[in-house]
Amino acid sequence: MRHHLEDEITDLRNNIFSMGILVEETLHKAYRALKEQNTDLAQEVFEDEEEINRLQHTLEHRCAEILATEHPVAGDLREILTSFKIIANIERIGDHAVHFAKALMRLRNREVLRDLSQFFSMAEEGISMFHDALTAYIERDAEKAREVASRDSRIDEMHGQILQHLFRLIKEHPDQPEDFTSLLFLNRFLERLGDHVTNICEWVVFSTTGVHEELNQ
Numbered sequence: 001m002r003h004h005l006e007d008e009i010t011d012l013r014n015n016i017f018s019m020g021i022l023v024e025e026t027l028h029k030a031y032r033a034l035k036e037q038n039t040d041l042a043q044e045v046f047e048d049e050e051e052i053n054r055l056q057h058t059l060e061h062r063c064a065e066i067l068a069t070e071h072p073v074a075g076d077l078r079e080i081l082t083s084f085k086i087i088a089n090i091e092r093i094g095d096h097a098v099h100f101a102k103a104l105m106r107l108r109n110r111e112v113l114r115d116l117s118q119f120f121s122m123a124e125e126g127i128s129m130f131h132d133a134l135t136a137y138i139e140r141d142a143e144k145a146r147e148v149a150s151r152d153s154r155i156d157e158m159h160g161q162i163l164q165h166l167f168r169l170i171k172e173h174p175d176q177p178e179d180f181t182s183l184l185f186l187n188r189f190l191e192r193l194g195d196h197v198t199n200i201c202e203w204v205v206f207s208t209t210g211v212h213e214e215l216n217q
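Just so we're aligned, residue 1 is where the sequence shown starts under full-length UniProt numbering, counting upward by one.
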C-alpha cells in the first residue's frame, strides 16, 4: 500500500511538472509574440489555454482521488494538499500568458513598445524564475525555491520603474489612451507572474520541510 501511494505521488508530481513545462512554453510564445509583434504566435497562446485548463481540472481531480482512496498522512498528505496550490498557481501563470497575448492584439500603435525594452527584461526574468521554480519543485529543493523567490524583488523594482515611465508617456501622448492602458495592464500581469512564482516556491518549501515560510516579504 505504501509503495503504491509513493508511485501515485511521483506520477502526480511528474504530471504537474509537465503542465508547468507547457505553461512555460506558452509564456515563451507570448513573449515572442509581443517582441516580434507576431499575431500568429499570439493565436497559438490562445489555443494552449484550453489544454492548460484541461490539465488543471484533470490534475486537481487526481489529487482528490488520491485523498479519497489512499488516505495519505503526514508528509504525503502535505504534498497532496500543496499540489492543489501549485496547480492553481501554474494555471494562473498560464492565464497571464494569455493576457500578455491579448495586450498585443489590443495595441493599435505597436511602435510604443520600442521605448519599453524593460518590459522584455522583466518578462525574461519572470520566465526564468518560473523555469527555476519548476526545477525546485521536481527536485524537491527548498533552498533553490528560496533563492528563486528572492528574485521577485527585482521584478517588483522593474514594475515600479516601468510604471513611472508609462505615466510620463501618457502625459506626453494623451491621444493614445487605449495603447497605454494595455501597457499598464501588461506591466501588472508581469508583476503578478513574479508573485505566482513566489507562491509556488513557498509551497515547495512547505511541502519539503513542513514549514510555511513567507518568502520575499
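All C-beta atoms, glycine included, are put in the ideal place defined by N, C-alpha and C.
Keep in mind it's a predicted model, so treat the numbers as computed, not measured.
Cβ-Cβ separation, residue j to residue i (assumed contact under 8 Å), whole Å
i: F100; j: A30; result: 4 Å
i: E178; j: I155; result: The Cβ separation is near 26 Å, so there is no contact.
i: G94; j: I52; result: 4 Å
i: Q43; j: L104; result: Contact doesn't hold; Cβ gap of about 11 Å is too wide.
Residue i to residue j span [Cα, whole Å]
i: A123; j: E8; result: 35 Å
i: R192; j: M158; result: 12 Å
i: E25; j: R188; result: 21 Å
i: E91; j: L22; result: 10 Å
i: K35; j: D48; result: 19 Å
i: D175; j: R32; result: 27 Å
i: R140; j: G160; result: 32 Å
i: E143; j: A133; result: 11 Å
i: H196; j: L215; result: 12 Å
i: K102; j: T135; result: 28 Å
i: D76; j: L67; result: 10 Å
i: S117; j: H4; result: 50 Å
Same chain, Cβ closer than 6 Å to residue i, neighbours up to 5 away in sequence not counted
i: L55; result: M19
i: G194; result: G126, D152 and I155
Own chain partners of residue i with C-beta closer than 8 Å, once the 5 adjacent residues on each side are dropped
i: R78; result: F206, S207 and G210
i: I16; result: L59, S83, I86, I87, I90 and Y137
At a cut of 8 Å, does the region 149 to 161 reach the region 84 to 95 through at least three beta carbon pairs?
-> no
Is it true that the region 119 to 137 meets the region 198 to 209, where meeting means three or more beta-carbon pairs spaced less than 8 Å apart?
-> yes
Hey, is the region 56 to 65 in contact with the region 8 to 17, meaning 3+ C-beta pairs nearer than 8 Å?
-> Between the region 56 to 65 and the region 8 to 17 there are three or more inter-stretch CB-CB distances shorter than 8 Å, so the stretches are counted as touching.
Is the region 156 to 175 touching the region 64 to 79 in the sense that three or more CB pairs, one from each, lie closer than 8 Å?
-> no
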